[in-house]
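Q:
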Amino acid sequence: MNRNSIIRRLAEKEDVFDFVVIGGGATGLGIALDAVTRGYSVALFEQSDFTKATSGRSTKLVHGGVRYLAQGNIPLVFEALRERGILRKNAPHLVKDQRFLIPCYRWWEGPFYFCGLVMYDFMAGRLRFGRSMCIGPKRSVKTIPNLRGKGLTAGILYHDGQFDDSRLAINIARTAVDAGACVLNYMKVTDLLKEDGNVAGVVVRDEESGDIYPVKSKAVINATGVFADNILQMDTQGKRPVVRPSQGIHLVLDSSFLESDCAVMIPQTSDGRVLFAVPWHDKVIVGTTDTLMKETLEEPIALEEEIQFILQTAGNYLARAPRRSDVLSVFAGLRPLAAPRGEGKKTKEISRSHKITRGNSGLITIIGGKWTTYRKMAQDTLDFAIRYMDIPTRDCVTESYAIHGWKPDPDFSDPLYVYGADAGEIRKLIASAPEMAEKLHPDYAYTVGEVIWIIRNEMVCSVEDILARRLRILFLDARAAVAMAPGVAKILAAERGKEPAWQQEQLTAFTDLATNYILNG
Ligand SMILES: Cc1cc2nc3c(=O)[nH]c(=O)nc-3n(C[C@H](O)[C@H](O)[C@H](O)COP(=O)(O)OP(=O)(O)OC[C@H]3O[C@@H](n4cnc5c(N)ncnc54)[C@H](O)[C@@H]3O)c2cc1C
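Residue 521 is where the sequence shown ends in this note's numbering, and the numbering goes up by one at each step.
#1: In whole angstroms, what is the alpha-carbon distance linking D477 and S329?
#2: I believe R244 touches A339 by the beta-carbon criterion, under 8 angstroms. Please report the beta-carbon distance rounded to the nearest angstrom.
#3: Tell me D206's beta-bridge partners as DSSP assigns them.
#4: Three or more C-beta pairs under 8 angstroms: does that hold for the stretch 354-374 against the stretch 212-228?
#5: Cβ-heavy atom distance between Q379 and ligand 1 below 7 angstroms?
#6: Less than 8 angstroms between the C-beta atoms of I22 and G28, yes or no?
#7: When DSSP labels each residue in this structure, what does S55 get in the three-state scheme?
#8: Would you mind sorting Y522 into buried or exposed? The rule is 16 or more other CB atoms within 10 Å of its CB.
#9: When you compare each of F309, E298, I144, I249 to F270 by their alpha carbons, which one comes out closest?
#10: Going by beta carbon distance, what residues of the same chain come within less than 7 angstroms of E349, once the five residues before and after it are set aside?
#11: To which residues does DSSP link I249 through a beta bridge?
#12: Does the structure place the stretch 256-269 close enough to the stretch 98-105 that three or more beta carbon pairs sit under 8 angstroms?
#13: Enumerate in chain order the residues of its own chain whose CB-to-CB distance from A173 is below 6 angstroms, with the five nearest sequence positions on each side excluded.
#14: With distances taken from CA atoms, which of E298, S255, T291, R358 is nearest P322?
#15: Check whether the Cβ atoms of E299 and N516 lie closer than 8 angstroms to each other.
#16: Quick check on the DSSP output: the alpha helix (DSSP H) that includes L492 runs from which residue to which?
#17: Would you please state the rounded distance, in angstroms, between the beta carbons of I156 and L117? I believe it to be under 8 angstroms.
#18: Residues in its own chain within less than 6 angstroms of H93 by CB, not counting five upstream and five downstream?
#19: Since D206 and I7 should fall inside the 8 angstroms C-beta cutoff, what is the C-beta to C-beta distance between them, to a whole number of angstroms?
#20: Can you tell me where the alpha helix (DSSP H) with P406 in it begins and where it stops?
#21: My output table needs one value for R427: the three-state DSSP class, helix, strand or coil.
#22: Please report the straight-line C-alpha distance between D524 and M234, rounded to a whole angstrom.
#23: Any chance you could list the alpha helix (DSSP H) runs of at least 4 consecutive residues sitting entirely within the stretch 17-95, in chain order?
#24: Pull up the CB-CB distance for V20 and G201, whole angstroms please, since I reckon it's below 8 angstroms.
#25: Indicate the three-state DSSP secondary structure (helix, strand or coil) for K138 in the structure shown.
#26: So who's on the other strand from P279, going by DSSP bridges?
#27: Could you give the distance in angstroms between the alpha-carbon of Y444 and the alpha-carbon of G64?
#28: In whole angstroms, give me the CA-to-CA distance for K188 and A481.
#29: Between the beta-carbon of L382 and the beta-carbon of I307, is there less than 8 angstroms?
#30: If you run the structure through DSSP and keep just helix, strand and coil, what is T313?
#31: Taking 7 angstroms as the cut-off, is the C-beta of H63 nearer than that to any heavy atom in ligand 1?
#32: Taking the DSSP output, what are the residues bridged to K355?
#33: Beta carbon of G359: closer than 7 angstroms to some heavy atom of ligand 1?
#34: Please classify M133 as buried or exposed, where buried requires at least 16 neighbouring CB atoms within 10 angstroms.
#35: If you run the structure through DSSP and keep just helix, strand and coil, what is E349?
#36: When the Cβ atoms of the stretch 488-504 are set against those of the stretch 458-478, are three or more pairs found closer than 8 angstroms?
Structure (structure tokens):
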């Protein structure tokens with residue numbers, strides 16, 4: 001996946017693309033893959049790095065949504081459970097079966113949640129991950145040693161999926177490129193091309209070189225999540241906003257806060273939501289919140305009240321409560337919720353289903369949805385777009401299309417498991433010279449060789465791309481990421497043939513950014 005050669009292809013292309021997709025998050029990447037595997041020509045442009053925005057900041061669950069079941073949104077749960085199963089088949093190296101425990105402290109909660117989860121299993125049908133069961137308080141504490149045992153009446157064990165969002169995205173991007181798509185990061189869409197009032201392509205600016213490219217296409221799909229209104233404004237100035245951003249934050253703690261490979265799900269917090277504490281890459285992610293925001297920032301910042309809320313709520317259920325100083329990283333993401341027509345709805349009540357619309361100019365916009373259902377969202381969007389186009393109709397094939405790195409029965413204890421079938425190549429590089437095997441941090445397994453492989457194969461432009469979205473260390477332990485940054489900046493500068501001044505700029509930019517992920521005081 002070489003950025004320069006894809007840019008050359010773009011510059012040399014004389015005919016019109018069938019589709020241009022704006023946005024390199026879960027939604028846009030899914031659409032590009034769907035289009036190219038149907039046999040259409042497609043270009044995707046991401047203004048920053050893939051999953052820089054919402055898609056790299058999820059709770060990392062591939063789930064049917066137990067909460068949506070409680071809300072009675074049966075069609076959404078059915079769809080998400082089906083997609084959960086399909087995703088695990090197509091990317092078994094990245095989607096794990098994750099056990100969850102719901103701790104029950106009132107007598108009725110055990111039977112109530114157990115009945116709901118039996119229904120959840122039944123709805124998943126053949127694609128079920130594991131069977132739910134009700135266990136006693138002693139076994140619950142044995143399963144999660146740091147769980148508050150006092151007053152516990154029962155525990156409900158159930159299964160859902162867990163994944164690495166940014167790694168899945170980069171693998172989807174590679175799958176699309178392998179199939180012939182033109183997929184580029186750091187390419188910002190600055191305007192729409194129009195012919196007789198109809199959208200006929202986009203103008204993109206290469207954020208690395210400053211070069212401008214007009215790119216013609218038969219259809220343009222706006223998959224920019226919380227930024228969708230910016231593109232809609234390019235189409236029709238003064239248009240009513242269609243997205244309502246809602247912030248969710250996560251705190252990352254040491255694995256000793258669960259002492260288990262089983263996650264905890266708190267079904268009813270004081271604000272009427274659910275809270276998860278999920279093991280992820282040897283740490284525990286705790287979240288999330290739901291705070292309506294006025295501003296759409298590229299780098300959203302956790303609010304103090306959100307941090308307090310998560311620490312307090314987690315502390316109510318854990319024997320050893322987490323403190324501020326225990327937080328290894330804090331990250332915030334914005335949900336691209338579809339704004340309801342009527343005002344006054346609480347964010348937790350706004351539909352999580354996706355919504356596809358077409359403007360008078362033909363611009364297609366998709367917003368809402370979940371990572372879990374990205375494939376079905378892409379299928380729906382393409383089916384919708386084709387109806388208005390003068391191109392041959394071709395069927396979607398992604399239901400059984402392996403994602404790059406596909407590998408059956410992965411060993412999840414292998415530090416390189418997220419690379420799936422590519423892990424062998426990385427191991428070979430690490431073994432090729434002693435300096436390749438050098439570690440980048442004494443507490444973590446990351447090596448020089450792994451970083452060089454990433455730079456050569458995964459369209460990396462900055463130190464942040466590596467530490468935040470390829471290795472994930474910024475999200476796991478922000479202070480360790482800062483400590484690794486000088487080494488990574490040096491490797492990146494050498495691989496890209498950049499000057500020491502560029503290397504220093506990269507280092508400063510990353511260190512500044514990392515302060516948002518570190519909790520002080
Ligand atoms: C806190 C939180 C937790 C979540 N947890 C889960 C979960 O556990 N499981 C689950 O299934 N779902 C989860 N979700 C939902 C899921 O993460 C989102 O639905 C999904 O990531 C949205 O993806 P997207 O591609 O639509 O948006 P984004 O990921 O935001 O992608 C849009 C992209 O468009 C780019 N862009 C914007 N303007 C331009 C432009 N002019 N030119 C080029 N590119 C542009 C942006 O840079 C961005 O990368 C969660 C969401 C949040 C906020």
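Here a beta-carbon is modelled for each residue, glycine too, at the ideal position from N, C-alpha and C. Model, not experiment: these values are computed from the prediction.
A: In terms of the structure at hand:
#1: 5 angstroms
#2: 4 angstroms
#3: Residue pairing by DSSP places D206 opposite M187 in a beta bridge.
#4: Between the stretch 354-374 and the stretch 212-228 there are three or more inter-stretch CB-CB distances shorter than 8 angstroms, so the stretches are counted as touching.
#5: no
#6: yes
#7: helix
#8: Any property of residue 522 remains undetermined from this structure, which presents the chain solely from 1 to 521.
#9: Residue 270 is actually Ser in this sequence, not Phe. Here the closest residue by C-alpha is F309.
#10: Its pLDDT being 47, under 50, E349 is placed unreliably in this model, and the value from its coordinates should be taken loosely. Hits under 7 angstroms: none found.
#11: A332
#12: yes
#13: L29, F50, V183
#14: S255
#15: yes
#16: 478-496
#17: 6 angstroms
#18: G405, K407, P410, G420
#19: 7 angstroms
#20: Before going on, a small fix: residue 406 reads as Trp here, not Pro. Taken as a continuous stretch (DSSP letters only), W406 belongs to no alpha helix (DSSP H), as it is neither H nor E.
#21: helix
#22: Within the shown structure, residues of the chain are numbered from 1 to 521, placing residue 524 beyond reach of any answer.
#23: DSSP runs (the alpha helix (DSSP H)) wholly in the stretch 17-95: 26-37, 66-70, 74-90.
#24: 6 angstroms
#25: helix
#26: V284
#27: 33 angstroms
#28: 27 angstroms
#29: The criterion of a C-beta distance shorter than 8 angstroms is not satisfied by L382 and I307.
#30: helix
#31: yes
#32: I367
#33: Because no heavy atom of ligand 1 lies under 7 angstroms away, the Cβ of G359 does not count as near it: no.
#34: exposed
#35: Unreliable positioning characterises E349 in this predicted model, as indicated by a pLDDT of 47, which lies under 50. A coordinate reading is not provided.
#36: yes
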